[in-house]
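For reference, the structure is listed below as structure tokens.
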Amino acid sequence: MAEWNAYYHNEDEEEEQEEGQQSGGDHKFTGRDSLVFLVDASKEMFITGEDGQPSNFDMTMQVVRSVYTSKIISSYRDLVALVFYGTEQSKNPRNSFKNVYVYHDLDEPGAKRVQDVDALRGEKGAQLAAETMGSGETSLGEALWCCANLYSEIKLRLSHKRLMIFTCRDEPHGGNSTKDRQARTKASDLKETGVVIDLMHLMKPGGFDVSLFFCDIVSPPEDESELGLQLEPCDKLEDLKKRVRAKEQMKRAMARLNLFLGEGINVAVGIYATAVTARKPGAIRLYRETNEPVRNKTRTFHTQTGSLLLPSEIKKAQVYGKKKIVMERDEVDTIKKFDDPGLFLIGFKPMEKLKLHHHIRPAVFLYPEEDEVKGSACLFSALLTKCSERNVFALCRCISRRNYPPRFVALVPQREEVDEGKVQITPPGFNIIFLPYADDIRTMDPPQCTVASQMQVDKMKAIITKLRFKYRSDAFENPVIQQHYRNLEALALDMVAPEEIEDLIMPKVDQIDHRLGPLVQEFKDLVYPADYNPETKSAAKRKTADFGGGAEKKAKVEVSEDELRAHAQNGTLGKLTVPVLKDACKQLGIRTTGTKKQELMDALIARLGS
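This is the structure:
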């Protein structure tokens with residue numbers, strides 16, 4: 096019989112479950128994501144900017160390559176396509192659409208596709224694009240129709256369908272009303288089939304006016320926070336990458352629950368992970384003769400008869416009081432269940448009651464789900480506003496999924512923040528802080544250490560002040576993971592050597608030394624003895640003398656009273672060793688019962704100060 100492990104041992108599985116899984120095992124997001132890049136190939140896209148700035152076409156190809164490589168790493172089963180419109184040459188299924196060039200069909204990204212996009216970058220890439228595709232008339236309606244056919248030919252189940260248009264022309268048809276009407280019709284047809292159309296408009300002289308044409312083409316923003324992303328055109332590569340990343344990444348809820356505020360008052364909310372630890376992908380086992388992935392399959396056999404056991408024949412047991420308690424699977428599931436999933440409001444507490452040591456695991460984010468229960472956003476907003484105004488957090492009991500143990504959580508309000516361009520930086524909602532139980536709190540017995548003097552403390556404060564800087568977690572990449580993916584990329588693309596990475600977590604020693612100046616040496620003089628050298632190893636055991644077999648004795652170090660008084664005034668008594676301090680106490684006639692260095696120093700300071 097299998098041993099029954101306590102359920103609580105599996106509690107960490109909640110953090111490792113795939114994003115998008117809802118409470119109760121309901122999967123709303125199933126299938127693969129798909130993304131089509133629809134890129135304008137007109138001559139205006141190839142105009143380079145001032146001061147050697149890359150052209151809009153070159154920036155677009157860099158973004159496409161970035162998405163390709165990120166898809167290969169994070170979600171290689173997603174489908175991606177690259178289509179150019181406004182070309183002179185035509186290449187599409189049955190060549191039924193003029194001035195549309197399908198560079199990549201909807202398929203999984205791979206090394207060959209990354210190399211194809213690399214060939215279109217820079218001056219040589221612009222020349223290759225002119226020779227291969229050229230620039231001709233524009234018909235966005237034909238291009239959208241072609242993209243619709245790409246989607247219709249896919250037999251796989253798609254969970255999300257997204258189309259991104261990259262252009263620097265706000266009137267692609269030059270005022271041709273017939274082509275404008277055709278494009279609006281095809282865009283409407285695409286949106287009815289579930290395709291989300293986004294506009295990645297690029298900078299052009301005179302500015303880009305979305306209201307002239309594209310306001311009827313693109314899909315409405317999925318979230319109010321994305322309104323700012325559709326207003327201003329992009330003129331920098333990093334801004335374009337940021338905008339594409341914000342659209343391309345799916346916002347999937349870890350769980351969807353009801354927040355019970357009282358009898359008959361429920362608010363539909365979703366739990367989102369704002370930060371997830373990035374890990375290197377695990378190794379995939381392959382069959383050595385065919386290189387096909389192999390799958391593990393576990394079967395359970397009877398230890399005595401060797402017969403195969405069915406799941407219904409397996410029970411679970413736990414030894415308690417030297418007695419084996421046997422349970423059926425249904426009984427184990429019943430024991431695990433405390434209540435239905437949900438957030439149950441208990442009360443409110445001042446923010447001062449929430450301490451740093453109460454954060455026992457990463458926080459998650461709470462946001463209303465208006466589609467589940469109408470009016471949830473309004474009630475959620477009112478609760479958020481009042482909690483923020485009164486500086487309180489909501490204390491709740493949380494059961495995130497069926498058969499999960501309950502946790503006490505604190506809902507900490509977070510107000511919306513926007514930058515100068517009215518683009519949202521911080522979304523409004525509640526941060527869910529998981530609180531410890533009494534069993535989780537440990538009573539520590541800290542070791543007794545020597546107390547630093549006020550002069551030493553002040554010197555360290557000066558060092559800390561000099562080394563302060565504004566920390567942003569998104570400014571530092573994990574060098575181990577980055578190097579791992581660079582190596583994989585070099586192998587897949589047949590590169591001579593992997594791309595060099597910059598280890599951003601390495602301390603900038605020269606800059607630190609320049610900022611601190613003499614403070615480090617002054618601190619060392621206050622804290623460490625005169626002969627201290629951190630680079631030398633600990634002293635070896637004394638060797639016996641060559642003659643006589645006795646150990647060599649060090650000569651006594653005599654310190655005059657004036658030198659002791661100077662050390663006491665400068666706070667450098669700590670530089671003297673314990674034997675020297677003992678001899679100084681005997682010299683001054685100080686009777687000491689303790690042998691600790693700090694006690695000797697205190698006795699000397701009291702005597703010399705008087």
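In this note's numbering, each number is its position in the sequence shown, counted from 1, plus 95. Beta carbons: idealized from backbone N, C-alpha and C, even for Gly.
| Item | Value |
| --- | --- |
| Candidates I520, R502 and P508, of which the one nearest D534 by Cα | R502 |
| Check whether F303 and D275 have beta carbons under 8 Å apart | no |
| Nearest candidate by alpha-carbon position, reference L405, set F396, Q222 and P267 | F396 |
| P523 and A363 closer than 8 Å at C-beta | no |
| A278 beta carbon less than 8 Å from that of I292 | no |
| Helix, strand or coil at H296 according to DSSP, with G and I counted as helix | strand |
| Under 8 Å between C-beta atoms of I520 and V459 | no |
| E512 in three-state terms, based on DSSP | strand |
| Three-state class that DSSP yields for N665 in the structure shown | helix |
| Close-in-space but distant-in-sequence residues of the same chain around F475 (CB under 6 Å, 5 per side omitted) | V362 and P463 |
| Alpha-carbon to alpha-carbon, F439 and F433 | 13 Å |
| N582, enclosing alpha helix (DSSP H) - first and last residue | P574 to A587 |
| Local conformation of F571 per DSSP, three classes | coil |
| At least three beta-carbon pairs within less than 8 Å, the segment 581-597 to the segment 549-565 | no |
| Residue from L588, G181 and S234 whose Cα sits closest to the Cα of L271 | The sequence given here has Asn at residue 271, not Leu. For the residues L588, G181 and S234, the minimum Cα distance to N271 belongs to S234. |
| Helix, strand or coil at N361 [DSSP, three-state] | strand |
| Candidates N353, I494, L683 and F192, of which the one nearest G236 by Cα | F192 |
| Three or more C-beta pairs below 8 Å linking the segment 411-424 and the segment 475-492 | no |
| For H454, the nearest candidate out of G437, L506 and S407 (CA to CA) | L506 |
| Three-state class that DSSP yields for K448 in the structure shown | helix |
| For P624 and S548, the rounded distance between their alpha carbons | 15 Å |
| Cβ-based neighbour list, M47, same chain, cut-off 7 Å, excluding 5 preceding and 5 following | Since the displayed the chain opens at 96 and closes at 705, residue 47 lies outside it and no answer follows. |
| Secondary structure of P613, DSSP reduced to three states | coil |
| Supposed close pair S185, Y196 - CB separation, criterion 8 Å | 7 Å |
| Residue span of the beta strand (DSSP E) that contains N526, given as start and end | G524 to F529 |
| Contact belief for P445 with V504 at Cβ below 8 Å, rounded distance in angstroms | P445 to V504, Cβ: 17 Å. No contact. |
| Three-pair Cβ contact test at 8 Å for the segment 250-261 versus the segment 202-217 | no |
| Contact belief for A201 with S129 at Cβ below 8 Å, rounded distance in angstroms | The amino acid at residue 201 is misidentified as Ala; the sequence shows Leu. Sure, about 6 Å apart at Cβ, within 8 Å. |
| Cutoff 7 Å; reference E387; Cβ partners in own chain excluding five residues on either side | L381 |
| Rounded Cβ spacing between R127 and D173 (contact assumed at less than 8 Å) | 5 Å |
| Residue environment, G365, which counts as buried when at least 16 other CB atoms sit within 10 Å | buried |
| P541 - DSSP class collapsed to helix/strand/coil | coil |
| P406 in three-state terms, based on DSSP | helix |
| Whole-Å CB distance - I607 paired with L562, under 8 Å assumed | 7 Å |
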